[in-house]
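One structure is given here, and the rest of the page talks about it.
2 protein chains.
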Amino acid sequence: MSPFPYYCNRMFGENVGLEFFEVIKLRRSTRAFMDERVSEEDIVKLLEAARLAPSAGNIQPWVFVVVRDADIKRRISEAALHQSFISKAPVVIVVCADLDRSKQRYRSRGVDLFCVQDTAAAIQNLLLAAVDLGLGACWVGAFHEDMVKVALKIPENLRPVAIVPVGRPAEKPNLPFRRPLEEIVHYETF
Amino acid sequence: MSPFPYYCNRMFGENVGLEFFEVIKLRRSTRAFMDERVSEEDIVKLLEAARLAPSAGNIQPWVFVVVRDADIKRRISEAALHQSFISKAPVVIVVCADLDRSKQRYRSRGVDLFCVQDTAAAIQNLLLAAVDLGLGACWVGAFHEDMVKVALKIPENLRPVAIVPVGRPAEKPNLPFRRPLEEIVHYETF
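Sequence order for the protein chains is A and B. For the first sequence, our numbering begins at 4 and goes up steadily by one. For the second sequence, our numbering begins at 4 and goes up steadily by one.
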């Protein structure tokens, strides 16, 4: 199998959905993007996939900020320790966790665990959906949360948990090393 | 589209991979299972999907414990506030976060955020892979971590973050309510 067969499909204008495991295998952290607009239709598909993620008690503590504005992207990039590839992506999606929603039902376990897990599941759906659409994305976690909150005017009760630049990939990274199953799987007990 | 077309495929012995968005749409939290063994081959596929998730700095802070033993499943079920459907699943996968791996590189942000997100991404891949294989699963987060650690002899540096019962679904839950995009998406700023 060619490492990125979907490029060909897209080039020839086909829009056939990829098989699930193909998407799982093709996903990469993309940090270089073509200078090409991501359509509103594709962004909606990314967000639709994200909102179909599971969440504790179906609380759905996720909020998404879709940023195309160059100046705001620059400020997000600065908040993310000057990772300049962020501001070069055509669109940046900032994912926030609604701490209040999780806290009301689950107290500290909701704030410290569930709302981080729920939003992470949504982010993973979004990253996979990007692959299916012939897009690339990157899960950025290294950033100053306060700076992002100021740049996007995020309310107090929301915590920005990830910055996800999205665009048509301008690179084809290899799959980085993965620890073998023997190292990460136990049977019955340790 | 029939709500669970893959049942038909499986019934007739076909093994065609589902399209990605079909998997995203078909995933449900399954809490009732057929009395049917999950093959070792399928378990390996679930874990392969899980380990292809992204992680901060490619740390891969995930460890999986695959439990089929009835007595250990019963103890996990007890730790999970007596959610008895857990012990009735043919296999239960307990997902742990290796706090040391994340802490060494990212200190408190690694322990409190990244290793929870990384393992959540792996869990989400696993849940989606289950759908593709005609299986059902459920992400259980309500449990006493200490009791799970004792039952599975989990080392001190690992934190159990999810219990995932897996099996052939014996129910077809409807998609629970999802908040509309208008409520969860903002453009440029709040």
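Ideal placement from N, C-alpha and C gives every residue a C-beta, glycine not left out.
Asked: Three-way DSSP call (helix, strand, coil) for B:Ala-196 in this model; Found: Since the first and last residues shown for chain B are 4 and 193, residue 196 of chain B lies out of range.
Asked: Terminal residues of the alpha helix (DSSP H) in which A:Ala-82 lies; Found: 73 to 82
Asked: Cβ contact (3+ pairs, closer than 8 Å) linking the region 20 to 40 of chain B and the region 132 to 148 of chain B; Found: yes
Asked: Within 9 Å, strictly: CB atoms of A:Gln-2 and A:Asp-121; Found: There is simply no residue 2 of chain A to check, as chain A begins at 4 and stops at 193 in what is shown.
Asked: Within-9 Å CB hit, A:Gly-170 to chain B; Found: no
Asked: Contact with chain B by A:Ile-166, beta-carbon distance below 9 Å; Found: no
Asked: Contact check, A:Val-98 vs A:Val-47, beta carbons under 9 Å; Found: no
Asked: Buried/exposed call for A:Lys-76, threshold 16 Cβ in 10 Å; Found: buried
Asked: Which listed residue (A:His-189, A:His-85, A:Leu-178) has its alpha carbon closest to that of A:Arg-30; Found: A:Leu-178
Asked: Residue range of the alpha helix (DSSP H) that includes A:Phe-88; Found: 88 to 91
Asked: Extent of the continuous beta strand (DSSP E) run through A:Arg-162; Found: 161 to 170
Asked: Integer-rounded CB distance, given that A:Arg-54 should sit under 8 Å from B:Leu-184; Found: 7 Å
Asked: Secondary structure of B:Cys-141, DSSP reduced to three states; Found: coil
Asked: Where B:Ser-32 meets chain A, residues with beta-carbon distance less than 7 Å; Found: Pro-57
Asked: Interface flag, B:Pro-158 vs chain A, CB-CB below 9 Å; Found: yes
Asked: Three-way DSSP call (helix, strand, coil) for B:Ile-96 in this model; Found: strand
Asked: Interfacial residues, the region 95 to 106 of chain A to chain B, with Cβ spacing under 7 Å; Found: none
Asked: Contact belief for B:Ile-157 with A:Phe-193 at Cβ below 8 Å, rounded distance in angstroms; Found: 6 Å
Asked: Of the residues B:Phe-67, B:Arg-40, B:Pro-176, B:Ser-90, the one placed nearest B:Arg-162, counting alpha carbons only; Found: B:Phe-67
Asked: Below-9 Å beta-carbon distance, B:Arg-93 vs any chain A residue; Found: Per the sequence shown, the amino acid found at residue 93 of chain B is Pro instead of Arg. It does not: the Cβ of B:Pro-93 has no partner Cβ on chain A nearer than 9 Å.
Asked: is_contact[B:Asp-45, chain A] using C-beta, thresh 9 Å; Found: no
Asked: CB-CB length for A:Pro-93 against A:Glu-39, believed under 8 Å; Found: 7 Å
Asked: Residue-level contact to chain A via CB, B:Val-69, 9 Å cutoff; Found: yes
Asked: Residues near B:Ala-100 in its chain [Cβ-Cβ closer than 6 Å; skip 5 each side]; Found: Pro-64, Cys-118, Thr-122, Arg-162, Val-164
Asked: Contact with chain B by A:Lys-175, beta-carbon distance below 9 Å; Found: no
Asked: Proximity test, Cβ basis, 9 Å: B:Phe-88 and chain A; Found: no
Asked: Neighbour flag for B:Arg-54 against chain A, beta carbons, 9 Å; Found: yes
Asked: Cβ-Cβ distance between A:Ile-194 and A:Ala-154 below 9 Å; Found: Here chain A comprises residues numbered 4 to 193, so residue 194 of chain A is not present and cannot be evaluated.
Asked: Burial state of B:Leu-21, where buried means 16 or more other Cβ atoms lie within 10 Å; Found: buried
Asked: Helix, strand or coil at B:Ser-32 according to DSSP, with G and I counted as helix; Found: strand
Asked: Runs of alpha helix (DSSP H) lying entirely within the region 103 to 139 of chain B, each at least 4 residues, in chain order; Found: 118 to 135
Asked: Cβ neighbour criterion (16 or more within 10 Å) applied to A:Lys-152; Found: buried
Asked: Backbone CA spacing between A:Val-143 and B:Arg-182 [nearest angstrom]; Found: 25 Å
Asked: Simplified DSSP state of A:Glu-22, which is helix, strand or coil; Found: strand
Asked: Own chain residues within Cβ distance below 6 Å of A:Ala-56, not counting five before or after; Found: Ala-124, Ala-125, Asn-128
Asked: B:Val-70, DSSP secondary structure in three states; Found: strand
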